[in-house]
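**Student:**
In our numbering, the protein residues as written are 24 to 164.
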């Protein structure tokens, strides 16, 4: 049973999938940083210095009365919050990932289509065919 598991785990598909998952996790961190550190600040600046991660509504005040400056302050006070800013950041992250995956798939498909458009090299005739042609040509002369 252990040998069967080794064979299963070492097959190309499983190893390729593991590498893809690891790269996907790393890519997710890059996209998260891009949204949080690169895209959100200028958009927030255009909307009047709004930090999306701190956009929230208090559903139930905590033990310390509000208003709360940040989501963390509200949660520390025990308030129940509706964190739509964090959700907005997540939606932006998803849109960026979807766009990057789309562009990647599009580039791969274009490469494949150019490879398919190349004229196929005709296969070389077999040795028997070449020998028969030589015999035919010799008989003609």
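For glycine and all other residues, C-beta sits at the position ideal for the given N, C-alpha and C.
Between residue 185 and residue 112, what straight-line distance do the alpha-carbon atoms span, to the nearest angstrom?
**Tutor:** Residue 185 is absent from the structure shown; the chain starts at 24 and stops at 164.
**Student:** What would DSSP say about residue 164, mapped onto helix, strand or coil?
**Tutor:** Indexing the chain shown from 1 puts residue 164 at position 141. Residue 164: coil per DSSP, three-state reduction.
**Student:** Can you say whether residue 107 is buried or exposed, counting buried as having 16 or more other CB atoms within 10 angstroms of its CB?
**Tutor:** Numbered from 1 along the chain shown, position 84 holds the residue referred to as residue 107. With fewer than 16 Cβ atoms within 10 Å of its Cβ, residue 107 is classed as exposed.
**Student:** Given the structure, does residue 110 come close to the ligand FMN, in the sense that its CB is under 8 angstroms from one of the ligand's heavy atoms?
**Tutor:** This structure does not include the ligand FMN; it has no bound ligands of any sort.
**Student:** Between the C-alpha atoms of residue 66 and residue 110, what's the straight-line distance to the nearest angstrom?
**Tutor:** Your numbering for residue 66 matches position 43 in the chain shown. Your numbering for residue 110 matches position 87 in the chain shown. Whole-angstrom Cα-Cα distance: 15 angstroms.
**Student:** Suppose you measure from the CA of residue 78 to the CA of residue 71; what does that come to, to the nearest Å?
**Tutor:** Counting from one through the chain shown, the residue named residue 78 turns up at place 55. Counting from one through the chain shown, the residue named residue 71 turns up at place 48. C-alpha separation (whole angstroms): 13 angstroms.
**Student:** Under the assumption that residue 54 contacts residue 120 (Cβ atoms under 8 angstroms), give the Cβ distance between them as a whole number of angstroms.
**Tutor:** Against the chain shown, residue 54 aligns to sequence position 31. Against the chain shown, residue 120 aligns to sequence position 97. That belief holds up - the Cβ atoms of residue 54 and residue 120 are roughly 5 angstroms apart, short of 8 angstroms.
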